[in-house]
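Chemist:
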């Protein structure tokens, strides 16, 4: 059963959504005292050290080809994290995550152009319901955070989509750990110049938060990268809408953000759609 789950792209995407939602809570909590670029830097630095240890333990060597594309994936991921952490530090958790979850719109365009991906009829029948659930959560007619911060949030969705497409491409020829390494290592370098002028020496509690962010985000990144390895880029990104449900739940628990009825209905639709996609995938592998 464990082997089936770890090779199921939908389940892996769901696991990554859970882990990244926990990361969002940690980032939101510490961003009041630590600048976003510094959070992104330590996230990347800690992740780089950990992934090197994992690669060494599994005897995974670095490729000698495809390095420019691996570096590009790292830059795109680094820019996404900078934009997202900045947005997360300026507007509510739910609004920031909603903006970041707009990435499937850009993934659909990019995957058709660059990956020539096609979806089965059954998958095409399920995806609109998940988009409907997402629309109920987003509520664009009520969205009130239109500002320069919201524009940065939309930009984070663009970078996230481009990074997702590059993962799908790279996963065909590179091991997932190597792809993750280039992301965390490059994102560390990308964040460095942005934090130089506003570096804050973290105290013990802040250091604990930064360490937790680094560990949790690396785990989520490994799940996400493997999800792209076993599933269509479009499906993985759409399933990640489940993270909106989790972010809404955490927002209620930690910041007393009370979801309305449309949010609840949208969350139920998303969960049901994700289960349907997962069941389809498991059945297909069992044949």
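In my numbering, the protein residues as written are 1 to 287. Beta carbons: idealized from backbone N, C-alpha and C, even for Gly.
Can you tell me which of the three DSSP states residue 28 falls into?
Modeler: Stepping through the chain shown from its first residue, residue 28 is reached at position 28. If DSSP states are grouped into helix, strand and coil, residue 28 belongs with the helices.
Chemist: Would you mind reading off the limits of the alpha helix (DSSP H) that contains residue 97?
Modeler: The count along the chain shown starts at 1 and reaches residue 97 at position 97. Residues 93 to 100.
Chemist: The alpha helix (DSSP H) that contains residue 289, what's its start and end?
Modeler: Lying outside 1 to 287, the shown extent of the chain, residue 289 is not represented and no answer is given.
Chemist: Would you say residue 46 and residue 206 are within 8 angstroms of each other, going by their C-beta atoms?
Modeler: Counting from one through the chain shown, the residue named residue 46 turns up at place 46. Counting from one through the chain shown, the residue named residue 206 turns up at place 206. Cβ distance not < 8 angstroms, so residue 46 and residue 206 don't count as in contact.
Chemist: Start and end of the alpha helix (DSSP H) containing residue 64?
Modeler: The residue you call residue 64 lines up with position 64 of the chain shown. Looking at the DSSP string, residue 64 is not in any alpha helix (DSSP H), and its letter there is neither H nor E.
Chemist: So, at 7 angstroms on beta carbons, what are the nonlocal neighbours of residue 211 in its own chain, with the 5 sequence-adjacent residues on each side left out?
Modeler: Position 211 of the chain shown, counting from 1, holds the residue named residue 211. Excluding positions up to five away in sequence, the list reads 46.
Chemist: Taking the C-alpha atoms as reference points, what is the distance between residue 40 and residue 179?
Modeler: Stepping through the chain shown from its first residue, residue 40 is reached at position 40. Stepping through the chain shown from its first residue, residue 179 is reached at position 179. In a straight line, the C-alpha of residue 40 is about 18 angstroms away from that of residue 179.
Chemist: Distance, Cα to Cα, residue 75 vs residue 248?
Modeler: Against the chain shown, residue 75 aligns to sequence position 75. Against the chain shown, residue 248 aligns to sequence position 248. When rounded, the distance between both Cα atoms is 29 angstroms.
Chemist: I'd like the list of long-range same chain contacts for residue 84, defined as Cβ closer than 8 angstroms, with 5 residues on each side in sequence excluded.
Modeler: Position 84 of the chain shown, counted from the first residue, corresponds to residue 84. Excluding positions up to five away in sequence, the list reads 96, 100, 153, 156 and 160.
Chemist: Just the C-alpha distance for residue 254 and residue 246, rounded to the nearest angstrom, thanks.
Modeler: Residue mapping note: residue 254 aligns to position 254 of the chain shown, counting from 1. Residue mapping note: residue 246 aligns to position 246 of the chain shown, counting from 1. Approximately 12 angstroms between the Cα atoms of the pair.
Chemist: Can you check which of these residues, 13, 215, 262 and 56, is closest to residue 27 by C-alpha distance?
Modeler: On the chain shown, residue 27 is found 27 positions in, with the first residue counted as 1. For residue 27, the nearest C-alpha among the options comes from 215.
Chemist: Can the beta-carbon of residue 182 be found closer than 8 angstroms to that of residue 54?
Modeler: Indexing the chain shown from 1 puts residue 182 at position 182. Indexing the chain shown from 1 puts residue 54 at position 54. Against a cut-off of 8 angstroms, the Cβ pair of residue 54 and residue 182 comes out as no contact.
Chemist: Is the separation between the beta-carbon of residue 163 and that of residue 66 shorter than 8 angstroms?
Modeler: By 1-based counting over the chain shown, the position of residue 163 is 163. By 1-based counting over the chain shown, the position of residue 66 is 66. Taking 8 angstroms as the Cβ cut-off, residue 163 and residue 66 do not qualify as a contacting pair.
Chemist: Would you kindly work out how many angstroms separate the C-alpha atoms of residue 265 and residue 209, rounded to a whole number?
Modeler: The residue you call residue 265 lines up with position 265 of the chain shown. The residue you call residue 209 lines up with position 209 of the chain shown. In a straight line, the C-alpha of residue 265 is about 33 angstroms away from that of residue 209.
Chemist: Determine, using beta carbons only, whether residue 13 and residue 166 come nearer to each other than 8 angstroms.
Modeler: Reading the chain shown from its first residue, position 13 is the one you call residue 13. Reading the chain shown from its first residue, position 166 is the one you call residue 166. Result no, Cβ atoms of residue 13 and residue 166 do not sit closer than 8 angstroms.
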